[in-house]
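Residue numbers (my numbering): 356 to 772.
Heads up, the beta-carbon is just placed ideally off N, CA and C, and yes, glycines get one too.
Remember, it's a predicted structure, so these values are computed and weren't measured experimentally.
Written out below as structure tokens is the structure these notes cover.
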């Protein structure tokens, strides 16, 4: 590769990393807006912790586990390894930064579902464990050259399905893992005080600022243009230019379709279009398209966004009213359910090897198997992690702290006077 092309690719990768980092304040504002004002400092602090501690741990060990020299396809050696199979001639330091911001996103997803009742000290522990172990291991199976993406003719995936698992930017690897961990964490914690009455009927606990939540979603929407197109990792040359432009388009169409679908569903279901649910509908579309944004055509992207936006409404209701799991921001539905849906629909709508385009069901089978394995890993780790903390050290704050707010008791300060 010539120097100009390599320089352009490096700058594009780092610019995309900056856009993905910009999603951190998006998550922080979204979560803060959907929760009560007495817990705002706690929410913001947790989002800083995700990136600060996650960056250090991913640098020291997580990056090696994910991209280090292969260990029978299941875990990389904790060293910098040979990354030429993935990053080519791109600087290793730049690639590390790019992957760090993705790791931080997976950890951040969990904080919203466990908001308003989690001990800060215990949050630091499980956030660190996600960045150090849970995310890098399943990331090695997929993006790190491991067994789920091994395209050798005699590999398990090729002999079983005739294709490998595909997740271009992380519907499964980042979002569904974060969503599954969020669901397990919220289940381990139990609902907030006052969330359910004596008959287990759900009560709404409104967030303190839909303005902050809306601003957070706009920031996330913008950041996703680094999350998805940036995963191309190259901008020079005709092929990369076309690929980036295509991913930009499919990403935006899915987001718009997801928000539109949720708006009309809530309008029909509740008599009024819900802003809070529509915000999550936009995120649902973004999460859903992330796996196949490179493989589906624009119409397929719209369909994926519509399906995710519709399913989101019923998923949030089911988790809240039927399972009685209190997820204040809907993270388990937005990231978990829609991450799974988006991954599966990639196997259907991929133009090059999808079932709906006459290419058989092998690729769809690979997508089904991959998402099942990845989320079983996340669920198993989440159960050990959250219930281990719960019974050994206590995961939840005392009732008085929860009722009066975590800001003053956990941090000694408040965002609002």
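Residue i in three-state terms, based on DSSP
i: residue 473; result: strand
i: residue 755; result: helix
i: residue 478; result: helix
i: residue 531; result: helix
i: residue 769; result: coil
i: residue 424; result: coil
i: residue 367; result: helix
i: residue 687; result: helix
i: residue 631; result: helix
i: residue 510; result: coil
i: residue 557; result: strand
i: residue 439; result: With a pLDDT of only 47 at residue 439, under the threshold of 50, the placement of this residue in the model should not be trusted; the figure read from the coordinates follows. Three-state DSSP puts residue 439 in a helix.
Residue nearest to residue i in terms of C-alpha spacing, selected from the options
i: residue 490; options: 464, 713, 372, 664; result: 464
i: residue 498; options: 654, 423, 751; result: 423
i: residue 417; options: 767, 462, 617; result: 462
i: residue 695; options: 680, 669, 723; result: 723
i: residue 396; options: 711, 703, 475; result: 475
i: residue 472; options: 683, 514, 596, 532; result: 683
i: residue 688; options: 634, 740, 560; result: 634
i: residue 530; options: 515, 451, 685; result: 685
i: residue 488; options: 522, 505, 391, 430; result: 430
i: residue 617; options: 608, 770, 590, 631; result: 631
i: residue 381; options: 504, 467, 700; result: 467
i: residue 582; options: 370, 692, 496; result: 370
i: residue 662; options: 378, 579, 641, 546; result: 641
i: residue 410; options: 454, 759, 579, 562; result: 454
i: residue 693; options: 504, 533, 368, 515; result: 533
i: residue 376; options: 639, 452, 544; result: 452
i: residue 448; options: 564, 510, 494, 365; result: 365
i: residue 570; options: 510, 658, 758, 386; result: 386
Host alpha helix (DSSP H) of residue i (start-end)
i: residue 380; result: 378-389
i: residue 663; result: 653-672
i: residue 693; result: 693-704
i: residue 452; result: 447-468
i: residue 739; result: 717-747
i: residue 591; result: Neither: residue 591 is in no alpha helix (DSSP H) and is coded neither H nor E.
i: residue 502; result: Per DSSP, residue 502 belongs to no alpha helix (DSSP H) and is neither H nor E.
i: residue 578; result: 565-582
i: residue 398; result: 395-412
i: residue 712; result: Careful: residue 712 lies outside any alpha helix (DSSP H) and carries neither H nor E.
i: residue 492; result: 490-497
Residue i and residue j closer than 8 Å at C-beta
i: residue 537; j: residue 729; result: no
i: residue 660; j: residue 671; result: no
i: residue 613; j: residue 647; result: no
i: residue 567; j: residue 399; result: no
i: residue 636; j: residue 667; result: yes
i: residue 590; j: residue 363; result: yes
i: residue 407; j: residue 578; result: no
i: residue 572; j: residue 605; result: no
i: residue 522; j: residue 698; result: yes
i: residue 420; j: residue 492; result: yes
i: residue 576; j: residue 610; result: yes
i: residue 585; j: residue 374; result: yes
i: residue 535; j: residue 656; result: no
i: residue 762; j: residue 394; result: yes
i: residue 525; j: residue 450; result: no
i: residue 725; j: residue 389; result: no
Outcome for residue i when other beta-carbon atoms lying within 10 angstroms are tallied against a minimum of 16
i: residue 548; result: exposed
i: residue 478; result: buried
i: residue 772; result: exposed
i: residue 436; result: Since pLDDT at residue 436 reaches only 47, below the 50 mark, its modelled position is unreliable, and no value is offered.
i: residue 357; result: exposed
i: residue 481; result: buried
i: residue 767; result: exposed
i: residue 439; result: Caution is warranted here: a pLDDT of 47 is assigned to residue 439, below 50, making its placement in the model unreliable, and the coordinate value is therefore given only provisionally. The residue is exposed, with fewer than 16 neighbouring Cβ atoms inside 10 Å.
i: residue 669; result: exposed
i: residue 741; result: buried
i: residue 403; result: exposed
i: residue 503; result: buried
i: residue 506; result: exposed
i: residue 486; result: buried
i: residue 391; result: buried
i: residue 367; result: buried
i: residue 401; result: buried
i: residue 754; result: exposed
i: residue 600; result: exposed
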